[in-house]
Amino acid sequence: MSDEPQSWAPRDSSGAGGSPGNDRPTASGEQPGKPGKPGRPGKPGKKPGKKARPRRTGWRRAIPTWRMTLGALLGLVVLLGAGIFAAYRLVDIPAANASATAQSNVYLYSDGSVIARDGDVNREKVKLSQVPPTVQHAVLAAEDRDFYSDDRAVDVKAMIRAGWNTVTGKGKQGGSTITQQYVKNYYLGQERTVLRKAKEAIIAVKLNREETKDQIFEGYLNTSYFGRNAYGIQAAAQAYYGKNVEELTTAEGAYLASLLNAPSAYDVVAHPDNRPAAQRRWNYVLGGMVKERWLTAAERAATRFPTPGEAKPSNGLSGQRGYIVQAVEDYLNRRGILDAKTLATGGYRITTTLDKAKQDAFVKAVSDNVMSKTSSDRAADRNVRVGGASIVPETGKVVALYGGIDYTKQYVSNATRRDYQVGSVFKPFVLTSAVVNDSTTQDGRRITPNTVYDGTNKRTVVGVQGSTDYAPANEDDVDYGDITVRIATDKSVNSVYAQMAQDVGPAKVRETAIALGIPADTPDLTAAPSIALGTANASVLDMAEAYATLADHGRHGRYVLVEKVTKDGAEIELPERTTEQAVSREAADTTTAVLRSVVEGGTGTAAQTVGRPAVGKTGTAEEDRAAWFAGYTPDLASVVAVMGQNPDTGAQTPLYGALGLPRVNGGGVPAETWAAYTEAALRSSPVQEFDLRTAPGSDEGDELLVDENADGGTDPSSSSDPGTSPDATPGTTPDGSAPPTPGTDTGGTDEGSVSAPDGNGDGDGNG
């Protein structure tokens, strides 16, 4: 290298003399082309007095500047806004979720108390107008006090606060308005995710623009969960206080509003240790009502904590509930009110005509007089079934219905089934038909209660063409000889009634039965002489309707089981009940007069314990498979049937040996049960007497006017009828001896198994 000093061309201060690419340092250490700033050519130097910003080095280079941060935030806001706008446009208000719209059908007694609910979800929607204002205010005080005054559907600050509390471990917080909670309940679900919360907020904003505050609040009250499997304010009112929402007090409403926050934490009955927390929450709600001027301080001071009732387990369809629901559904369907498919959609509130006190009385009567007498040691007792029905004659209202021991154990209702013979409870219809049609015997004598017939056992029925080859047996094969229709009714003499049905005309008897209320499609309602002995398979409820017609002096109207049906507050129109004079009053009242003597001294004397004027008729089905008692007072008609059925095979079985008795007949436990029920049902009602207008020649004593010379007629005073002999007693043969078959039960002398045709004169039946 040369030792001579190097020299450089002097720098052109204007920069014009600089050659391109000359980036070599000057003698002073400056970079060419960057005047005023060391090391950076082409830049003017800084103003005097201002220090140069030091270069960011090391780890500081990774930290964004404030300009970068601000720019990023602004970009994020724009991006977020665009996302929200897009989401708002893309997210529609969805259809309601299935669980939010599901409702149970509610079945009620006539007094409004609940019989049963048949849905999986315990919910019953109500209108906002049905919720008392104080209860509405309690809910608002508990959940969203600014709901009506604030137009915002989403409370952003509350959501942020709730999120922070959740993150910091202070527990999960809702932070939602009533609108948001309604959206969650009705449209979305209960999962806790960011996506669900975002959708909830967007839908809430849209919903707030499309629905009124009242609509949203009503929906919220109907979808919120209150604990005890109660969805909605109405279900909650029933679950905690056993009343409808309209009847809630301010204190009760405040308690229910408290539950919305945490139902399990505030149920003071299921968890008594919850009381302090529940009372604090309750006080918070009431305090909010005072603060918002929805409640005065004086009213608040007078309010006491309303301890709810015991939690009731889901009643389901056990006991009588299932039978009642089944009968009501069938009634609604058959009357064309609601078909099964429509009813299955749920939400119907069905008020029945059933009287709770009378229903309970029927259950107790059956329990005391039948079921309590069964024993696990007797095989026959496994087969005992009971059916019952009770109707108010004047209105046709069914006030009690007994379907069986338990719907969950025996599905078929004994009150409405049509597969058991009705036996001799059908006989009164023959007498009614005789009076209606002014019928005469084969020899021309007018048929009245005092007409004499031949009561010989297995007497062949005679028609206009001669013998019919049908010869029904009397109970225990007893021969009665000549006997009046009245006494034949008391004794339930089959041979007399079979002949009388033939004299009237089996087709006319059938017509009369239908006019009284027996359905025309009743199985085995055959126009043959055997119709008199009850070979038809009418239901207990059918028979109760027919007997109610007799009790109402021959006026018939179809029975009524439902008084009112509503859904979502709207009432469903029901058909109006109409009545007509099905049979003449004289015919109905004549039958009533004759049935009175059945209770006073015939086969139904056990019914006398009712303690008021009553009439009735006993009956026994073929082979003693069922025993019946049908009767009425002037203000209540009821029927009881005890049936035999194998619980395993479903086959009908005789009742021999059941309840510890040789045989079960209508004058025994059925009549006793009828009397026990009727006495209890009418205990608080004044005693009514029968007001009867009987047909001419129907009064007792008129038999003395019988023409002794009439063809086929006989002076009843010389009859071998046991009822006219001072030495004869009920249930004995004319000479006073015991009947040839094993004894009867203590209930009386009801007819038993006899031979009767299947309608063609060649089969077995019963009287």
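Numbers in my numbering are just positions in the sequence shown, counted from 1, shifted up by 12.
Built from N, CA and C at the ideal position, the CB exists for glycine as well.
Note down, in chain order, each residue of its chain lying with its Cβ closer than 6 Å to the Cβ of residue i, except the 5 sequence neighbours on either side.
i, result
"A39", "Note that A39 scores a pLDDT of 41, beneath 50, so its modelled location is shaky and nothing firm can be said."
"V652", "G400, F641, P682, T685 and W686"
"G334", "Y419"
"A550", "V434, I530 and T534"
"K255", "A249"
"N241", "N134"
"P318", "A263, E264 and Y267"
"L350", "L344"
"A446", "I459 and V516"
"V699", "R624"
"T758", "Only weak support exists for where T758 lies, its pLDDT of 33 falling under 50; the coordinates are left without a value."
In chain order, what residues of the same chain lie with their CB nearer than 7 Å to the CB of residue i, ignoring the 5 residues before and after it?
i, result
"L298", "A266, L307, R312 and T315"
"N286", "A277, Y278, D279 and V280"
"G828", "Because residue 828 is not part of the residues shown, which for the chain are 13 to 779, the question remains open."
"A352", "E341 and N345"
"G735", "At G735 the pLDDT is 34, less than 50, meaning the model places this residue with poor confidence and gives no usable figure here."
"E406", "D564"
"D580", "K137 and G359"
"S330", "D418, Y419 and T420"
"V143", "L233, I245 and V257"
"A781", "Coverage of the chain is limited to positions 13 through 779, which leaves residue 781 absent and any answer about it impossible."
Report the option in the options whose CA atom is closest to the CA atom of residue i.
i, options, result
"A556", "L673, I543 and A427", "A427"
"D660", "L88, S125, R292 and R394", "R394"
"L355", "V337, A483, I190 and T365", "V337"
"V340", "I127, S236 and P461", "I127"
"I495", "D481, G679 and Y465", "Y465"
"L573", "V410, Y121 and T463", "V410"
"R589", "T615, S436 and R347", "R347"
"S125", "S609, G709, V424 and I362", "I362"
"T561", "A519, A544 and A527", "A527"
"T603", "Y121, Q657, K629 and T615", "K629"
"A540", "I245, L553, V552 and V521", "V521"
"L271", "A150, L366 and V398", "A150"
"V505", "P484, G517, A519 and V516", "P484"
"V606", "P288, E712, G83 and P518", "E712"
"L152", "A446, T706, I75 and I190", "I190"
"Q193", "E155, Y160 and D226", "E155"
"D163", "N117, M383 and R221", "R221"
"S122", "L671, N658, S710 and E575", "E575"
"D226", "V610, A247, Y160 and E585", "Y160"
"N486", "S479, V508 and P76", "V508"
"R292", "A269, R457 and P708", "A269"
If you check the beta carbons only, do residue i and residue j fall under 7 Å apart?
i, j, result
"L233", "A249", "no"
"L412", "Q371", "What sits at residue 412 in the sequence shown is Ala, not Leu. Yes, these two residues count as a Cβ contact at 7 Å."
"G643", "A626", "yes"
"A392", "G669", "yes"
"G546", "G415", "no"
"A323", "A282", "yes"
"A633", "V654", "no"
"S864", "S388", "Because the chain spans 13 through 779 in this model, residue 864 falls outside it and cannot be assessed."
"V302", "A310", "no"
"F238", "P275", "yes"
"G679", "T621", "no"
"Y252", "P145", "no"
"P461", "V497", "yes"
"T386", "T444", "no"
"A544", "V442", "yes"
"Y689", "F374", "yes"
"R129", "E304", "no"
Hey, is residue i's beta-carbon within less than 7 Å of any beta-carbon in chain C?
i, result
"N449", "As a matter of chain content, chain C is missing from the structure shown, which is built from one protein chain."
Using 6 Å as the cut-off, classify the Cβ of residue i as near or not near the heavy atoms of the ligand SAH, replying yes or no.
i, result
"T578", "Among the ligands in the structure shown, none appear at all, so the ligand SAH cannot be discussed."
In chain order, what residues of the same chain have a beta carbon less than 8 Å from the beta carbon of residue i, not counting five sequence neighbours either side?
i, result
"Y432", "N549, A633, R637, A638, A653, M655 and Q664"
The region 138 to 145 in contact with the region 367 to 381 per 3-pair CB rule at 8 Å
no
Unbroken alpha helix (DSSP H) runs of length 4 or more, entirely within the region 349 to 432: which are they?
352 to 355 and 368 to 381
Inter-stretch contact (C-beta, 8 Å, three-pair minimum) for the region 444 to 458 and the region 511 to 525
yes
At least 3 beta-carbon pairs within less than 8 Å: the region 359 to 373 vs the region 689 to 706:
yes
Threshold first: 4 residues or longer. Then list the alpha helix (DSSP H) segments lying entirely within the region 453 to 534, N to C.
497 to 503, 506 to 516 and 518 to 528
Scan the region 543 to 609 and note each continuous alpha helix (DSSP H) run of 4 residues or more that stays entirely inside, going in chain order.
552 to 563
Any chance you could list the alpha helix (DSSP H) runs of at least 4 consecutive residues sitting entirely within the region 309 to 350, in chain order?
309 to 314 and 333 to 346
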